[in-house]
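Taking it in order: structure first as structure tokens, then the write-up.
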Amino acid sequence: MSKYLIIAGLLSIIFVLIYTRVRPYLKLIQKVVNSLNVATDVNASTPARQKSSSKSKLVRCDRCGTWIPAERSLTLNSGLATFCSPECMAKKPASKERKIAG
Ligand SMILES: [Zn+2]
Numbered sequence: 025m026s027k028y029l030i031i032a033g034l035l036s037i038i039f040v041l042i043y044t045r046v047r048p049y050l051k052l053i054q055k056v057v058n059s060l061n062v063a064t065d066v067n068a069s070t071p072a073r074q075k076s077s078s079k080s081k082l083v084r085c086d087r088c089g090t091w092i093p094a095e096r097s098l099t100l101n102s103g104l105a106t107f108c109s110p111e112c113m114a115k116k117p118a119s120k121e122r123k124i125a126g
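Numbering (this note's numbering), first residue to last: 25 to 126.
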């Protein structure tokens, strides 16, 4: 078993040595490949790209910390405070001295 470990170690060292030698060439090849990819990307349209839609924006309830869609949220003082429900809006904070981080 120890033989295999030694061989593996040697192989890894050799691999690292070769890799450091070949690395500049690999980078060059990568550059060429990337440029080719860009060229093909322009021709082929990619509809699979995910676009972040602003409609499904989530906001956090200031009282209970629940994440809800911005459309369904209740806001006070023009968005300074956000609540998930009228109950949360009416509730008082649990601790009087509440440290606000940030
Ligand atoms: Zn809430």
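Here a beta-carbon is modelled for each residue, glycine too, at the ideal position from N, C-alpha and C.
Alpha-carbon to alpha-carbon, residue j and residue i
| i | j | result |
| --- | --- | --- |
| Ile37 | Gln54 | 24 Å |
| Gly33 | Leu60 | 37 Å |
| Ile30 | Val56 | 37 Å |
| Leu41 | Ile92 | 54 Å |
| Asn86 | Thr99 | Residue 86 is actually Asp in this sequence, not Asn. When rounded, the distance between both Cα atoms is 10 Å. |
| Pro48 | Lys27 | 33 Å |
| Ser77 | Thr90 | In this predicted model, Ser77 has a pLDDT of only 49, less than 50, meaning its place in the structure is not dependable; the value taken from the coordinates is given anyway. Taking the straight line joining both Cα atoms gives about 21 Å. |
| Ser80 | Thr64 | 33 Å |
| Thr44 | Lys51 | 11 Å |
Residue range of the unbroken alpha helix (DSSP H) whose run includes residue i
| i | result |
| --- | --- |
| Ala114 | 110-114 |
Minimum C-alpha distance to residue i - residue among the options
| i | options | result |
| --- | --- | --- |
| Glu95 | Arg47, Asn58, Cys108 | Cys108 |
| Val83 | Arg45, Lys51, Ala105, Lys116 | Ala105 |
| Glu111 | Ser102, Arg45, Ser97 | Ser97 |
| Cys88 | Ala63, Arg45, Ala114 | Ala114 |
As assigned by DSSP and simplified to three states, the class of residue i
| i | result |
| --- | --- |
| Cys88 | coil |
| Leu34 | helix |
| Arg73 | In this prediction, Arg73 has a pLDDT of 49, which is less than 50 and means its spatial position is unreliable; what the coordinates show is noted afterwards. Reduced to three states, the DSSP call for Arg73 is coil. |
Residue i: first and last residue of the uninterrupted beta strand (DSSP E) it sits in
| i | result |
| --- | --- |
| Ala105 | 105-107 |
Q: Give every residue whose Cβ lies closer than 6 Å to any heavy atom of ligand 1, listed in chain order.
A: Those satisfying the condition are, in chain order, Cys85, Arg87, Cys88, Thr90, Phe107, Cys108, Ser109, Cys112.
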